[in-house]
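Taking it in order: structure first as C-alpha cells, then the write-up.
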Amino acid sequence: MNSTQNKKIEQVKETTMIVGIDVGSEKHYFRAFSWRGIELTGKPVAFSNSMEGFNSFYNSVVELMQKNELKEALVGIEPTGHYWFDLGQFMGEKNIKFVMVNPHHVHKTKELDDN
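Residue numbers for the sequence shown, in our numbering: 1 to 115.
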C-alpha cells in the first residue's frame with residue numbers, strides 16, 4: 001500500500017462513526033456504521049435538502065455518536081451533480097469531516113452487496 005492509502009485508512013479509528021449519504025435533489029438518505037461495519041441506523045434515514053433537513057441530519061449524527069460512545073464522524077458523499085454543495089458547506093461549517101466517494105466505487109460495492 002502506498003502512503004496516501006495508509007493515511008486514508010488511519011482516519012478510521014475505533015471511535016469513528018462512518019456515515020454514508022445518498023444525495024438527491026430534494027431528499028438525502030444516510031446510514032451510519034461503526035468502524036467494524038456494524039450498522040447503527042437500522043435503515044436509511046431521510047432528510048430534506050434544506051437547512052431544516054441538514055440540522056435534522058446533524059442532530060441525528062450527534063445522537064448516534066453519543067448513544068454508541070463514538071467521538072467523531074467521517075461522512076462519505078457520492079457527489080451527485082450540484083445537489084451536495086449546500087450540504088457540503090453545512091458540514092464544513094459544523095466541522096464534520098467529509099470525503100467524496102467515487103460513484104464507480106459505490107456502484108461496484110452495491111453490486112457486490114446485491115444492492
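From the three backbone atoms N, C-alpha and C, an ideal C-beta is built for every residue, glycine too. Values in this document were obtained by computation on a predicted structure and should not be read as measured data.
Residues bridged to residue i [DSSP beta-bridge criterion]
| i | result |
| --- | --- |
| Val-19 | Ala-32 and Val-75 |
| Val-120 | Residue numbering for the chain in the displayed model covers 1 to 115; residue 120 lies beyond these limits and cannot be assessed. |
| Val-12 | Note: Val-12 sits in no beta bridge, so no partner. |
| Glu-39 | Phe-33 |
Buried or exposed (CB count within 10 angstroms, at least 16 for buried), residue i
| i | result |
| --- | --- |
| Phe-85 | exposed |
| Val-62 | exposed |
| Ile-77 | buried |
Residue i vs residue j beta-carbon contact at 7 Å
| i | j | result |
| --- | --- | --- |
| Leu-87 | Ile-18 | no |
| Thr-16 | Glu-72 | yes |
| Asn-49 | Glu-26 | yes |
| Phe-30 | Ile-21 | yes |
Residue i - containing alpha helix (DSSP H), residue span
| i | result |
| --- | --- |
| Ser-56 | 51 to 67 |
| Glu-93 | 85 to 93 |
Top-ranked residue by Cα proximity to residue i, from the options
| i | options | result |
| --- | --- | --- |
| Met-65 | Asn-95, Phe-90, Ser-50 and Ser-34 | Ser-34 |
| Phe-47 | Leu-40, His-28 and Thr-41 | His-28 |
| Pro-44 | Phe-57, Ser-50 and Glu-69 | Phe-57 |
| Pro-79 | Gly-37, Asn-55 and Val-99 | Val-99 |
Continuous beta strand (DSSP E) stretch holding residue i: start and end
| i | result |
| --- | --- |
| Ser-48 | 45 to 48 |
Check: residue i C-beta below 6 Å from any heavy atom of the ligand ZN
| i | result |
| --- | --- |
| Tyr-83 | This structure simply doesn't include the ligand ZN, nor any ligand for that matter. |
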